[in-house]
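Quick note, the sequence shown lines up with residues 471 to 811 if you use the working numbering. Just so it is clear, CB atoms sit at the ideal spot from N, CA and C, and this is done for glycine as well. Okay, so here's the structure we're looking at.
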Amino acid sequence: MEEMDQVIQVFPQKLRRMLQQAKTADFQAEELRLRAGQPFLMQARGREWFLMEDGRCWVDVGEMKAWRQPHCFYLATSEDIHNTLELMSRYSLYAFDRELRQGFLTIPGGHRIGVAGQAVLEGNQVKTLQNISFLNVRIARQIPGCASHILPWVYEKGRLCSLLIISPPGCGKTTLLRDLIRQVSNGWEYQNHLDQRPLVTVKGIAVGVVDERSELGACSYGIPQNDLGIRTDVLDGCPKAEGIMMLIRSMAPRVVAVDEIGSKEDLEAIRYGKNCGCKLMATVHGSSLEDIQKKPVLKEFVQEGVFERFIVLEAGGKPGTVKLISDGEGQCMKAWKGMRE
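Right, dumping it as structure tokens:
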């Protein structure tokens with residue numbers, strides 16, 4: 471089932487019907503946003519679109535000057551949001567308490583549902599959320615082969631380098647990491663067309679994935695629904711720091727992959743992995759290497775030489791568009807001009 475169709479199926483009947491009418495074969499959404507009392511919005515192809523009352527089309531605000539015609543919008547209601555959450559949680563929202571405390575829940579397929587509303591505190595900690603009035607449905611997609619053009623840059627003499635993908639939100643870092651995991655696990659081939667060397671075959675290696683938010687593997691009953699390769703073991707729904715150490719002790723991976731690092735606990739676990747001879751593939755929010763070095767914990771990662779490659783993604787381009795790759799010293803190795811090859 472196509473990713474957008476998969477997400478449409480977990481909306482209430484009324485919204486499902488409207489979304490099915492609006493969807494076309496060449497129109498693939500990246501985000502769907504519901505805010506109580508506000509227009510139903512969608513992000514696609516780097517533009518913002520509105521769902522109209524008739525449900526037959528998406529209209530770009532820049533072309534329509536939609537704010538002058540508010541009667542045309544479909545305005546999301548509190549009931550829409552409540553019913554959507556009920557369906558997405560299979561009528562067991564309480565089962566997602568741990569995720570809700572972090573502001574999201576993940577549904578089959580790896581699609582993440584961001585939520586906001588009224589926080590319920592216990593001391594200084596968020597216990598749960600209630601009166602949820604805002605949803606951000608981020609549609610997860612596999613793009614097999616999207617990491618192929620960077621693979622030669624993250625290996626050195628046939629050996630994988632520890633790497634960090636740096637990206638602003640929504641620029642495809644998880645999609646890129648997912649395909650890197652698959653290809654590192656399966657093995658890959660490379661032909662250097664510039665010097666006509668023979669086809670190079672790189673053998674696959676064991677990969678351990680700590681999938682704290684179920685976005686990489688999209689596990690259902692412990693089995694990944696996304697293709698992460700034939701030599702990949704997945705620890706689903708486990709905190710990154712604890713999961714890294716568990717996988718290294720139990721599954722003996724050659725490389726560990728995690729999404730969105732940044733805590734002090736992550737650093738300690740990554741140090742443990744490095745001392746055990748494990749390579750690391752990870753992502754972090756940021757716009758550049760200089761940007762992440764402004765954050766104390768991430769600055770330690772860089773100073774300690776944990777990573778041998780830094781991959782910076784382009785903001786505003788297609789998901790997974792690489793801006794540049796630098797070595798462990800921060801020296802640029804390859805710059806792309808806004809192009810995903």
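Have a look at the DSSP bridge pairing and note the partners of residue i.
| i | result |
| --- | --- |
| residue 592 | 595 |
| residue 600 | 588 |
| residue 780 | 634, 796 |
| residue 625 | 630 |
| residue 417 | Because residue 417 is not part of the residues shown, which for the chain are 471 to 811, the question remains open. |
| residue 678 | 703, 726 |
| residue 606 | 503, 584 |
| residue 651 | DSSP lists no partner for residue 651. |
| residue 752 | 634, 728 |
| residue 802 | 796 |
Mapping DSSP to helix, strand and coil, what is residue i?
| i | result |
| --- | --- |
| residue 773 | helix |
| residue 477 | helix |
| residue 493 | coil |
| residue 502 | strand |
| residue 547 | coil |
| residue 809 | Confidence at residue 809 is low in this model, with a pLDDT of 45, below 50, so the placement of that residue should be treated as unreliable; the coordinate-derived value is given next. Here residue 809 sits in coil by DSSP. |
| residue 660 | strand |
| residue 788 | coil |
| residue 690 | strand |
| residue 513 | strand |
| residue 577 | strand |
| residue 556 | helix |
| residue 486 | helix |
| residue 611 | coil |
| residue 714 | helix |
| residue 698 | coil |
| residue 564 | helix |
| residue 542 | helix |
If I follow the unbroken alpha helix (DSSP H) through residue i, where does it start and stop?
| i | result |
| --- | --- |
| residue 765 | Residue 765 -> no alpha helix (DSSP H), and no H or E assigned at all. |
| residue 518 | Careful: residue 518 lies outside any alpha helix (DSSP H), inside the beta strand (DSSP E) at 517-521. |
| residue 570 | 567-570 |
Need the endpoints of the beta strand (DSSP E) that residue i sits in, please.
| i | result |
| --- | --- |
| residue 670 | 670-673 |
| residue 735 | Segment 734-745 is the alpha helix (DSSP H) holding residue 735; no beta strand (DSSP E) there. |
| residue 731 | It is not in any beta strand (DSSP E) - residue 731 carries neither H nor E in the DSSP assignment. |
Would you call the CB atoms of residue i and residue j closer than 7 Å?
| i | j | result |
| --- | --- | --- |
| residue 500 | residue 513 | yes |
| residue 778 | residue 641 | no |
| residue 574 | residue 568 | no |
| residue 725 | residue 677 | yes |
| residue 701 | residue 674 | yes |
| residue 580 | residue 610 | yes |
| residue 624 | residue 633 | yes |
| residue 607 | residue 600 | no |
| residue 659 | residue 645 | no |
| residue 743 | residue 718 | yes |
| residue 740 | residue 754 | no |
| residue 794 | residue 782 | yes |
| residue 445 | residue 715 | The requested residue 445 is not part of the displayed model; the chain covers only 471 to 811. |
I believe residue i touches residue j by the beta-carbon criterion, under 8 Å. Please report the beta-carbon distance rounded to the nearest angstrom.
| i | j | result |
| --- | --- | --- |
| residue 685 | residue 576 | 6 Å |
| residue 504 | residue 605 | 4 Å |
| residue 737 | residue 771 | 6 Å |
| residue 751 | residue 650 | 6 Å |
| residue 557 | residue 598 | Actually they are not in contact, since the Cβ atoms of residue 557 and residue 598 sit about 19 Å apart, beyond 8 Å. |
| residue 518 | residue 542 | Contact doesn't hold; Cβ gap of about 15 Å is too wide. |
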